[in-house]
Amino acid sequence: MGVLIHLFVALHIIGIAALLGGFLTQMKAMGQGAARFVPAMLHGALTMLVTGAILVGLNQADHHHVNNIKIGVKLLVLIVILGLVYVKRDEERVDKNMFGVVGLLTMVNIFIAVLWT
Numbered sequence: 001m002g003v004l005i006h007l008f009v010a011l012h013i014i015g016i017a018a019l020l021g022g023f024l025t026q027m028k029a030m031g032q033g034a035a036r037f038v039p040a041m042l043h044g045a046l047t048m049l050v051t052g053a054i055l056v057g058l059n060q061a062d063h064h065h066v067n068n069i070k071i072g073v074k075l076l077v078l079i080v081i082l083g084l085v086y087v088k089r090d091e092e093r094v095d096k097n098m099f100g101v102v103g104l105l106t107m108v109n110i111f112i113a114v115l116w117t
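Under our numbering, the sequence shown has 12 at position 12, and the numbering climbs by one with no breaks.
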């Protein structure tokens, strides 16, 4: 079970890397007001959602302690990210404030995962 949990942790990290990487590649465009939500951002967020749900289930099945409040907060932040990215995914230009909020929420999600113990 431990190997399976580690596999999904790796996939979860790949998802966050796609989301954050997509944001970082658009930083210059954001400064020019031409940023857009690239497909990697949507796919990364969806990967995080699926692998996160699987990780919670696997950890509970393996009788590990799961901090449900932390998971709930991370899920709420991710749902907001997914909503913003999904709704604006086809637009050529996204308002830089909205784009910045997605980047900020992505980093908030990372800091919650790492620092909330």
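Think of the CB as a built atom: it goes at the ideal place given N, C-alpha and C, for glycine as much as any other residue.
Since we're looking at a predicted model, the values are computed, not measured.
Taking one beta carbon from each stretch, the region 72-79 and the region 96-116 have 3 or more pairs nearer than 8 Å; the two touch.
Judged by their CB atoms, R89 and F23 are not nearer to each other than the 8 Å cut-off. Under the three-state reduction of DSSP output, F37 falls in the coil class, being neither helix nor strand. Relative to I5, the option among M30, D62 and L46 whose CA is nearest is D62.
Excluding sequence positions up to five before and after L20, its CB lies within less than 7 Å of the CB of T106, all in the same chain and listed in chain order.
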